[in-house]
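Our numbering numbers the first residue of the sequence shown as 46 and each following residue consecutively. Using N, Cα and C, we set each Cβ at its ideal position, and we do this for glycine too. One structure is given below, encoded as structure tokens.
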Amino acid sequence: MRLATFARHGVARLGAVVGERVVDLAALAAACGRHLPDNMLAFIDDAEGNLALAGELLAAAGEREGYPLAEVRLLAPIPRPRQNVIAVGRNYREHAREILRAQGEAAAFPEHPLFFTKRATAVIGPEEPILWQPSVSDAFDREVELVVVFGRRGRNIPRERAYDYVFGYTCADDVAARDVQLRKHGGQWFKGASLDNSCPLGPWLVTRDELPNPHDLRLTCRVNGVLKQDASTSQMVFDIPALIEELSAGMTLEPGDVLLTGAPAGAGIGFDPPEFLRAGDVIEVAIEGIGTLRNPVVEG
46 MRLATFARHG
56 VARLGAVVGE
66 RVVDLAALAA
76 ACGRHLPDNM
86 LAFIDDAEGN
96 LALAGELLAA
106 AGEREGYPLA
116 EVRLLAPIPR
126 PRQNVIAVGR
136 NYREHAREIL
146 RAQGEAAAFP
156 EHPLFFTKRA
166 TAVIGPEEPI
176 LWQPSVSDAF
186 DREVELVVVF
196 GRRGRNIPRE
206 RAYDYVFGYT
216 CADDVAARDV
226 QLRKHGGQWF
236 KGASLDNSCP
246 LGPWLVTRDE
256 LPNPHDLRLT
266 CRVNGVLKQD
276 ASTSQMVFDI
286 PALIEELSAG
296 MTLEPGDVLL
306 TGAPAGAGIG
316 FDPPEFLRAG
326 DVIEVAIEGI
336 GTLRNPVVEG
């Protein structure tokens with residue numbers, strides 16, 4: 046199932062994307078004397094029951110149910126996560142090499158995943174503007190990443206049970222202020238990754254059953270129509286079960302938590318000279334089986 050948060054007449058709702066239409070799940074349930082939540086976090090809180098009911102109602106609905114996608118505004122699937130977004134650094138070897146070269150360091154790969162966080166306030170949805178803030182940074186970069194959304198509460202999760210805790214997947218453009226992240230004030234990964242409008246998510250969330258092998262997906266990033274990143278999720282250093290096992294060790298994960306799983310080579314910092322974002326750029330990140338997330342860059 047493809048689940049989206051969408052706005053119509055300024056009101057945010059939870060919908061299922063069917064073809065080129067989006068069905069308001071709460072409204073559909075109410076029309077049948079049933080109940081479904083009207084927001085993604087509440088839906089995920091009772092994922093199993095809500096998915097079963099949504100599937101039953103959609104199967105009985107007519108083909109004309111809902112609204113054309115062109116008539117609604119898609120928001121981030123989870124417009125405001127309950128906690129900071131979790132991200133993983135250097136989880137693709139070639140990307141790790143390009144980051145280390147930019148820092149003048151020899152290639153050295155981590156023995157464990159490098160986790161950091163992005164502020165929940167950084168999250169934006171499709172077509173919302175990425176803010177280029179030259180007074181803060183002149184090195185805004187972009188990265189396509191596969192996102193894992195958790196569907197159950199868990200701690201100390203073994204890798205063989207990791208997918209039991211995955212609700213679904215979406216796309217992210219992990220925007221980072223590289224000079225803040227790598228050099229300013231000693232290097233601030235959290236600050237450099239957390240500026241406003243620096244975490245586009247979307248266009249929707251695809252439930253786990255739709256992507257039985259998340260490690261065989263093509264992911265791309267285009268800047269102004271030019272292909273910059275083109276890789277496969279099979280190239281991850283630490284796969285999703287390894288990330289979940291390590292992340293949950295001694296730390297509770299909650300339903301609706303968001304994990305960015307790392308970026309492949311081709312980030313702007315890896316070019317000579319570096320290719321950083323400027324106002325007027327348009328970024329499109331896409332992942333096979335999920336969709337395309339498009340965002341313009343504006344000065345803010």
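Would you identify the three-state DSSP class for Thr337, choosing helix, strand or coil? Within the sequence shown, numbered from 1, the residue matching residue 337 stands at position 292. Strand.
Candidates Ala57, Glu255, Glu110, Asp224, of which the one nearest Ile314 by Cα: Start at 1 with the first residue of the sequence shown, and residue 314 comes out as number 269. The shortest Cα separation from Ile314 among Ala57, Glu255, Glu110, Asp224 belongs to Asp224.
Excluding the five sequence neighbours on either side, which residues of its own chain have a C-beta within less than 6 angstroms of the C-beta of Trp213, listed in chain order? Start at 1 with the first residue of the sequence shown, and residue 213 comes out as number 168. The sequence given here places Gly at residue 213; Trp does not occur at that position. Only Val194, Leu250, Val251, Thr252, Arg253 meet the Cβ criterion.
So, are the CB atoms of Glu173 and Asn242 less than 8 angstroms apart? For the purposes of this step, residue 173 is identified with residue 128 of the sequence shown, where counting begins at 1. For the purposes of this step, residue 242 is identified with residue 197 of the sequence shown, where counting begins at 1. Yes, they are a contact pair.
Taking the alpha helix (DSSP H) that Phe39 belongs to, which residues open and close that run? Examination of residue 39 is not possible in this model, given that the chain is present from 46 through 345 alone.
Starting from Ile169, follow its DSSP beta bridges and name the residues at the other end. One-based indexing of the sequence shown puts residue 169 at position 124. Looking at the DSSP assignment, Ile169 forms a beta bridge with Pro245.
Is it the case that the Cβ atoms of Ala287 and Arg206 are separated by a distance below 8 angstroms? Residue 287 sits at position 242 when you count from the first residue of the sequence shown. Residue 206 sits at position 161 when you count from the first residue of the sequence shown. No.
Provide the residue span of the beta strand (DSSP E) that contains Arg223, from first to last. Here residue 223 refers to the residue found at position 178 of the sequence shown. Where Arg223 is concerned, there is no enclosing beta strand (DSSP E), although the alpha helix (DSSP H) it sits in stretches over 223-227.
Beta strand (DSSP E) segment containing Glu255, residue limits: Residue mapping note: residue 255 aligns to position 210 of the sequence shown, counting from 1. Segment: none, Glu255 is in no beta strand (DSSP E) and carries neither H nor E.
Keeping to the same chain, check which residues put their C-beta closer than 7 angstroms to that of Leu70; ignore five residues upstream and five downstream. The residue given as residue 70 occupies position 25 in the sequence shown. So the qualifying residues of the chain are Leu59, Gly60, Ala61, Leu81, Ala99.
Take Ala308 as the anchor and find which of Gly325, Asp317, Val330 has the nearest alpha-carbon. As a working mapping, residue 308 is identified with position 263 in the sequence shown. Taking only the C-alpha atoms, the option nearest Ala308 is Val330.
Leaving out five residues before and five after Thr337 in sequence, what residues of the same chain have Cβ atoms less than 8 angstroms from its Cβ? Taking the sequence shown and counting its residues from 1, one reaches residue 337 at position 292. Only Cys216, Pro248, Glu329, Val330, Ala331 meet the Cβ criterion.
Going by DSSP, what residue range makes up the beta strand (DSSP E) through Ser277? Counted from its first residue, the sequence shown places residue 277 at position 232. Looking at the DSSP string, the run of the beta strand (DSSP E) that includes Ser277 is 271-277.
Candidates Gly345, Glu101, Met46, Met296, of which the one nearest Asn201 by Cα: Residue mapping note: residue 201 aligns to position 156 of the sequence shown, counting from 1. That would be Met296, whose Cα lies nearest to the Cα of Asn201.
In whole angstroms, what separates the C-alpha of Glu110 from that of Ala57? The residue you call residue 110 lines up with position 65 of the sequence shown. The residue you call residue 57 lines up with position 12 of the sequence shown. If I take the Cα positions, the gap works out to 18 angstroms.
From the DSSP output, which residues share a beta bridge with Cys266? Along the sequence shown, read from residue 1 onward, the residue named residue 266 stands at position 221. Answer is Gln274, Val330, bridged to Cys266.
Rounded straight-line distance, which links the Cα of Gly231 to that of Ala76: Sequence index remark: in the sequence shown, residue 76 carries index 31 (1-based). Sequence index remark: in the sequence shown, residue 231 carries index 186 (1-based). Going from the Cα of Ala76 to the Cα of Gly231 covers about 57 angstroms.
To the nearest angstrom, report how far apart Glu93 and Asp209 are at their CA atoms. Counted from its first residue, the sequence shown places residue 93 at position 48. Counted from its first residue, the sequence shown places residue 209 at position 164. Rounded to the nearest angstrom, the two C-alpha atoms are 11 angstroms apart.
Where the beta strand (DSSP E) containing Leu159 begins and where it ends: To locate residue 159, count along the sequence shown from 1; it is residue 114. From DSSP, the beta strand (DSSP E) with Leu159 extends over 159-163.
Residue environment, Ser279, which counts as buried when at least 16 other CB atoms sit within 10 Å: What you label residue 279 is simply residue 234 of the sequence shown in a count that begins at 1. Exposed: under 16 other Cβ atoms inside 10 Å.
Return the CA-CA distance between Val327 and Asp317, expressed in angstroms with no decimal places. Along the sequence shown, read from residue 1 onward, the residue named residue 327 stands at position 282. Along the sequence shown, read from residue 1 onward, the residue named residue 317 stands at position 272. Their backbone Cα atoms lie some 21 angstroms apart in a straight line.
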